[in-house]
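Participant: Going down the list, the protein sequences come from chains A and B.
Quick note: the first sequence uses the numbering used here, first residue 122, plus one each step.
Quick note: the second sequence uses the numbering used here, first residue 216, plus one each step.
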Amino acid sequence: MLKKITWFAIIFGGLSLALFYFFINPNEVNYLPECPLYFTTGIYCPGCGSQRATHQLLNFNFFGVLQQNVLFFISLLILGYHLVVTGINAFLKKDFYNYMYHPKTPLVILTIIVIFWILRNIPYYPFNLLAPN
Amino acid sequence: MNQQPPKNYLIESILVTIFCCMPFGIVGIVNAAQVNTKFEFGDYEGALKASKEAQKWMTWGIVSSLIIGLFYLVFVFTLGGLAMMGDF
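Written as structure tokens, this is what we have:
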């Protein structure tokens, strides 16, 4: 019973958030929360631009997603890969290797995040293309 | 050794990093790395421990994002209400 309520809450919350970010462009309103790191220090974090990127994604504007946050796009690809591999293994009873469990993968991803974080804070062309706008 | 590796919460940690709480997500990714390397070296117990740790940090990331969101909602509605009443 409690599990059912939890799932209902998750699905209901997710759907209402999706509807909200489908219709509301975070660039055009001022009541949405800002990233705490950007708000206090003016430094972009690796996730800055995710609200705007979600809006662009829900409107199927993939170039807009890339403009706001390249890492958001990369993580979508990784998430898709993981879901496809685990889905095939679970439903078709296959045993494909999932690279999420390779010893090097988390370190590669961590390196990508840190390098992306540094680069997007350099305020000169072409690095400022990585910053959200 | 045809044991399955314990869940490493790598995807969840990446999502936490991007959507909310970068510090929690980074710790989660580091723990995911430990899950994979320890399992590769046959240290199943250690991998399981790192998996539990990764899950803990992921949970804290999600919980803190919910708390921050809740506080933000209260803040916005209070300010909006005050503004509407003309006190602000």
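Glycine included, C-beta positions come from ideal geometry on N, C-alpha and C.
(1) Say whether the segment 236-253 of chain B touches the segment 221-228 of chain B, bearing in mind that this needs 3 or more beta-carbon pairs closer than 8 angstroms, one atom from each stretch.
(2) Quick test of the definition: if touching needs 3 or more C-beta pairs under 8 angstroms, does the segment 174-182 of chain A touch the segment 128-143 of chain A?
(3) Please report the distance separating the alpha-carbon of A/I132 from that of A/G170.
(4) Taking the continuous alpha helix (DSSP H) assigned at A/I145, which residues delimit it?
(5) So, using beta-carbon positions, are A/G134 and B/T232 closer together than 8 angstroms?
(6) Roughly how many angstroms separate the alpha carbons of B/Q219 and B/N251, rounded to a whole number?
(7) Could you run through the segment 270-295 of chain B and flag, in chain order, every residue whose CB is less than 7 angstroms away from some CB of chain A?
(8) Since A/N219 and A/T207 are thought to touch, with beta carbons under 8 angstroms apart, how far apart are those beta carbons, to the nearest angstrom?
(9) Could you have a look at B/G296 and say whether DSSP puts it in helix, strand or coil?
(10) Along the alpha helix (DSSP H) that carries A/L213, what are the first and last residues, could you check?
(11) Find the nearest neighbour of A/V205 within the set A/V191, A/E149, A/M221 and A/L192, judged by alpha-carbon distance.
(12) Going along chain B in order, which residues have a C-beta closer than 9 angstroms to the C-beta of A/H203?
(13) So, under 8 angstroms CB-CB, B/Y287 and A/P154 are touching, yes? Tell me the CB distance rounded to an integer number of Å.
(14) Do you know how far the Cα of B/S266 is from the Cα of B/M273?
(15) Taking only beta-carbon positions, decide if B/A262 is within less than 8 angstroms of chain A.
(16) Which of helix, strand or coil does DSSP assign to B/M216?
(17) Is the Cβ of A/L234 closer than 8 angstroms to any Cβ of chain B?
(18) So A/F194 contacts chain B; which residues on that side make the cut at Cβ distance below 9 angstroms?
(19) Establish whether the CB of B/F234 and some CB of chain A are separated by less than 8 angstroms.
(20) Contact criterion: CB-CB distance below 8 angstroms. Does B/E268 meet it with respect to chain A?
(21) Along the chain, where does the alpha helix (DSSP H) that runs through A/H176 open and close?
(22) Is A/M221 helix, strand or coil when you go by DSSP?
Facilitator: From the atom records:
(1) yes
(2) yes
(3) Counting from one through the first sequence, the residue named residue 132 of chain A turns up at place 11. Counting from one through the first sequence, the residue named residue 170 of chain A turns up at place 49. C-alpha separation (whole angstroms): 24 angstroms.
(4) As a first step, residue 145 of chain A must be located in the first sequence, where it is residue number 24. No alpha helix (DSSP H) contains A/I145, which DSSP labels as neither H nor E.
(5) Taking the first residue of the first sequence as 1, we reach residue 134 of chain A at position 13. Taking the first residue of the second sequence as 1, we reach residue 232 of chain B at position 17. At the C-beta level, A/G134 and B/T232 stay beyond 8 angstroms of one another.
(6) Walking along the second sequence from the start, residue 219 of chain B turns up at place 4. Walking along the second sequence from the start, residue 251 of chain B turns up at place 36. Those two C-alpha atoms are separated by around 11 angstroms.
(7) Y287 and V291
(8) Residue numbering aside, residue 219 of chain A sits at position 98 when the first sequence is read from its first letter. Residue numbering aside, residue 207 of chain A sits at position 86 when the first sequence is read from its first letter. Sure, about 7 angstroms apart at Cβ, within 8 angstroms.
(9) To locate residue 296 of chain B, count along the second sequence from 1; it is residue 81. Three-state result, B/G296: helix.
(10) Start at 1 with the first residue of the first sequence, and residue 213 of chain A comes out as number 92. Run containing A/L213: none; DSSP gives neither H nor E here.
(11) Locating residue 205 of chain A in the first sequence gives position 84, counting from the first residue. Cα-wise, what sits closest to A/V205 is A/M221.
(12) Walking along the first sequence from the start, residue 203 of chain A turns up at place 82. Residues of chain B passing the Cβ test: L225 and I226.
(13) Here residue 287 of chain B refers to the residue found at position 72 when the second sequence is read from its first residue. Here residue 154 of chain A refers to the residue found at position 33 when the first sequence is read from its first residue. Separation of the CB atoms of B/Y287 and A/P154 is rounded to 5 angstroms, and the pair is thereby assigned contact status at 8 angstroms.
(14) On the second sequence, residue 273 of chain B is found 58 positions in, with the first residue counted as 1. On the second sequence, residue 266 of chain B is found 51 positions in, with the first residue counted as 1. Looking at the two C-alpha atoms, the distance is approximately 11 angstroms.
(15) Walking along the second sequence from the start, residue 262 of chain B turns up at place 47. Judged by the 8 angstroms Cβ criterion, B/A262 is not in contact with chain A.
(16) For the purposes of this step, residue 216 of chain B is identified with residue 1 of the second sequence, where counting begins at 1. The predicted position of B/M216 is uncertain, since its pLDDT is 48 and thus under 50; no value can be drawn from it.
(17) Within the first sequence, residue 234 of chain A is the residue found at index 113, counting from 1. Note that residue 234 of chain A corresponds to Ile in the displayed sequence, not to Leu. For A/I234, the answer is yes, since a Cβ of chain B falls inside 8 angstroms of its Cβ.
(18) Translated into positions along the first sequence, residue 194 of chain A becomes position 73. None at all; the shortest Cβ gap to chain B is about 10 angstroms.
(19) Indexing the second sequence from 1 puts residue 234 of chain B at position 19. Interface residue, yes.
(20) Translated into the one-based positions of the second sequence, residue 268 of chain B becomes position 53. No, B/E268 does not count as interfacial toward chain A.
(21) Indexing the first sequence from 1 puts residue 176 of chain A at position 55. Counting along the chain, the alpha helix (DSSP H) containing A/H176 begins and ends at S171 to L179.
(22) The residue you call residue 221 of chain A lines up with position 100 of the first sequence. Three-state DSSP puts A/M221 in a helix.
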